[in-house]
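Below: one structure, written as C-alpha cells.
In the numbering used here, the protein residues as written are 225 to 444.
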C-alpha cells in the first residue's frame, strides 16, 4: 500500500464532521448544507473542579501551557519583564519547591494584576504580582529586583498562611514573618480562607480566584 492509499484510508475513517470540505462526497455536501449542525466539530470537554481545587497546597492540575494560553487569550500584550512562558515556569518551580498549588497561585496573580494590565497602585516595574504590601490606594507596596523574586515572594506569602514550615531557601517575602507570627500554629487550608485576610474586605475573594480565573485556565 503506498502513502496516498494510506492517506485515503485515513480520510475515509473520519466522520463527516472531521473531513475537509474537498473530501466530502456529493451526498455529504448536500447533508452539510441541509443539516449544518451535524457537521459541527465536537466541543472540548469542560473539566469540572474537584474538591482538591479548594486547597492552597497541593500539586498542579492545569498545565503551564494552559496558564499561558488563558493569559494571552485575555491579554495578548501583558506588561511583564519576562515572557509569559518564563513567568508561568517560575510559578511551577516555586510551587513545587514549597507545595503551594502553582496553577491557582498564577490564577490569583491574574486577579491581582488584571491579567497583567495593572492600572492600579502597583506598576509593572515592581514585579509584584499579588499586591504585597499594597495597603492603600497611595502605597505601592513591595518592589522585587526580578520577576523570579516576585514570584518567590508571592508563593512564600501563600506559604506563610498555609503552613508552619519555613521555606527551605531564603525568605524574600517582606511580610512573611508578620503573617507567621500572627497566626502561630494556626494555618489556612482553602483559598476561600483568604477572604478578608489577603484582601479587605475581601468578600468572595477566594471564590473569585477559583471561579473567575482558575476555571478559565483549567478549561482553556
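Quick reminder that beta carbons are idealized off the backbone N, C-alpha and C, glycines included.
These numbers come from a predicted model, not from an experiment.
To which residues of the same chain is residue i closer than 6 Å at the C-beta, ignoring the five residues directly before and after it?
| i | result |
| --- | --- |
| residue 305 | 371 |
| residue 359 | none |
| residue 293 | 444 |
| residue 357 | 365 and 366 |
For residue i, does the count of other Cβ atoms within 10 angstroms reach 16, so buried, or fall short, so exposed?
| i | result |
| --- | --- |
| residue 183 | Residue coverage of the chain in this structure runs from 225 to 444, which leaves residue 183 outside it and unanswerable. |
| residue 433 | buried |
| residue 349 | exposed |
| residue 319 | buried |
| residue 227 | Its pLDDT being 43, under 50, residue 227 is placed unreliably in this model, and the coordinates cannot settle the point. |
| residue 410 | exposed |
| residue 389 | exposed |
| residue 355 | buried |
| residue 268 | Any answer about residue 268 is weak, because its pLDDT of 44 lies below 50 and its placement is not dependable; what the coordinates show is given next. So residue 268 ends up on the exposed side. |
| residue 441 | buried |
| residue 344 | exposed |
| residue 374 | buried |
| residue 363 | exposed |
| residue 351 | buried |
| residue 327 | buried |
| residue 276 | exposed |
| residue 402 | exposed |
For residue i, which residues from the same chain have a beta carbon less than 8 Å from its beta carbon, with the 5 sequence-adjacent residues on both sides left out?
| i | result |
| --- | --- |
| residue 414 | 278, 279, 280 and 430 |
| residue 339 | 295, 298, 299 and 302 |
| residue 335 | 432, 433, 436 and 437 |
| residue 420 | 426, 427 and 429 |
Under 7 Å Cβ to Cβ from residue i, same chain only, skipping five residues before and after it: list those, please.
| i | result |
| --- | --- |
| residue 270 | Its pLDDT being 44, under 50, residue 270 is placed unreliably in this model, and the value from its coordinates should be taken loosely. Around residue 270: 443. |
| residue 404 | 384 |
| residue 391 | 322, 380 and 383 |
| residue 272 | Model confidence at residue 272 stands at a pLDDT of 47, short of 50, so the residue's coordinates are unreliable; what they give is reported in the following sentence. No residues qualify anywhere along the chain. |
| residue 330 | 291, 312 and 315 |
Looking at the strands, I want to know which residues DSSP matches up with residue i.
| i | result |
| --- | --- |
| residue 419 | 423 |
| residue 360 | 363 |
| residue 414 | 279 |
| residue 442 | Paired residue(s): none; residue 442 is not in a bridge. |
| residue 433 | In DSSP, residue 433 forms no bridge with anything. |
| residue 257 | Answer is none; residue 257 lacks a bridge partner. |
| residue 324 | 281 |
Taking only runs of the beta strand (DSSP E) that begin and end inside the segment 365-401, which ones reach a length of at least 3 residues, in chain order? Fully enclosed beta strand (DSSP E) runs of 3 or longer: not present.
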